[in-house]
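In case it helps, the numbering used here puts the sequence shown at residues 22 to 311. Take a look at the structure below.
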Amino acid sequence: MNIINDIHQSYKRGDLLSKLIYLNLFVFLFYKVLATLFFLFSIQNTSVISWLALSSNFNDLLTKPWTIISHMFYHQGFIHLTFNLIGLYFYGKIFSQYLNSKQLVSTYVIGGLFGALFYYLSFNYLEAFESDNKSFAFGASAAVLAILTAIATYTPNYRVTIPLVTKFELKYVALVFIFLDIILIPSTNGGGHIAHLGGAFYGFYFGHRLKQGKDISIWFNNLMNRISNYFRKDPNLKTVHKRAKTDDQWRNEKKQSQVQINLILEKISKSGYESLNDKEKEILFKESKK
């Protein structure tokens, strides 16, 4: 039980990137345990897929709407899971150097949703897939490619090192993956590669708009905050109505805010932007919008 407690504590202490990785691992292990039980009792293993993966069939989608989310955390094979988690970790770390963790999660989820949309539309409206009455999409690939493309669009000249090879600018890494997905569409996993392109599309649009000063993920982060606050709400607490601030209070808060901004700017001048933590980056980002 100590191991379970250690894992629980590690999950609680970890940042949102770590939580995404843990969630993918948990769903994979959950699937493997179920698959073993189904094998022992001679139950069709496809029933697990139909409950976690995204179906191209509209009626299935209506009866299992949660698969729109669950499919982006579900992997069948260990190699598939490993490659996605390696990509999520490294691209997520680069992403976190410039943007905050809430934007990381929103890019993962919305990128996965765009992947699902591209996948569903391709299987229902493209002639190449008409012969497939029902197929399933699963895996974090679209979400991971959304994170890579987003940060590659936002900081295209960031240099990544490939051991024993050379250094590449991040934009070329993203372009290689996108190109591979395009040329592999005629393969047996054509729908999956189209889904990856859906993630890349959102990642590019998010990064492009962010460079223009517009964070299109704010609605998602606000929604997550409301949901989180709803479940954290203590029914015994009474609502307290705040008084309007006096001029002195307003000036004092503004002065404190300016001191905080000056400290952050001083930290950037000494150690660079990468030295900022998530909260400092968020404060700086909000201040730039005023």
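For every residue, glycine included, the Cβ atom is placed at its ideal position computed from N, Cα and C. None of the values given here were measured: they were computed from a predicted structure.
- The three-state reading of DSSP puts S76 in strand, counting E and B together.
- Of the residues assessed, A171 falls on the buried side of the cut-off, its CB having 16 or more other CB atoms within 10 angstroms.
- The segment 135 to 153 makes no contact with the segment 188 to 196; the number of CB pairs closer than 8 Å stays below 3.
- For the segment 174 to 223, the full-length beta strand (DSSP E) segments reaching 3 residues or more read 180 to 183, 187 to 190 along the chain.
- In the three-state DSSP reduction, A158 falls in the strand class (E or B).
- Inclusion of Y119 and T182 in the CB contact set at 8 Å is not warranted, their separation being larger than that value.
- In this structure, A167 places its C-beta atom within 8 Å of the C-beta atom of Y129.
- Relative to G213, the option among M93, L37, L41 whose CA is nearest is M93.
- Note that the C-beta distance between G220 and G132 is below 8 Å.
- Taking the C-beta atoms as reference points, A216 is found no nearer than 8 Å to N45.
- Here the C-alpha atom of N178 lies approximately 14 Å from the C-alpha atom of K232.
- With a contact defined as Cβ atoms closer than 8 Å, N121 and K235 miss out at about 16 Å.
- Spatial neighbours of N242 in its own chain (CB-CB distance under 7 Å, excluding positions within 5 residues in sequence) are listed in chain order as K123, S127.
- The three-state secondary structure of Y43, taken from DSSP, is helix.
- The shortest C-alpha to C-alpha distance from L106 to any of Q65, K33, F116, S39 is the one to S39.
- I289 places its beta carbon 8 Å or farther from that of E308.
- Rounded to whole angstroms, L244 and L61 show a C-alpha spacing of 42 Å.
- Residue L41 holds the alpha-carbon nearest to the alpha-carbon of L109 among L41, S296, F222, D299.
- With contacts defined as CB atoms closer than 8 Å, F150 and F144 qualify as a contacting pair.
- Scanning its chain for C-beta atoms nearer than 6 Å, with the 5 sequence neighbours on each side dropped, one finds around F159 the residues A74, H92, Y95, in chain order.
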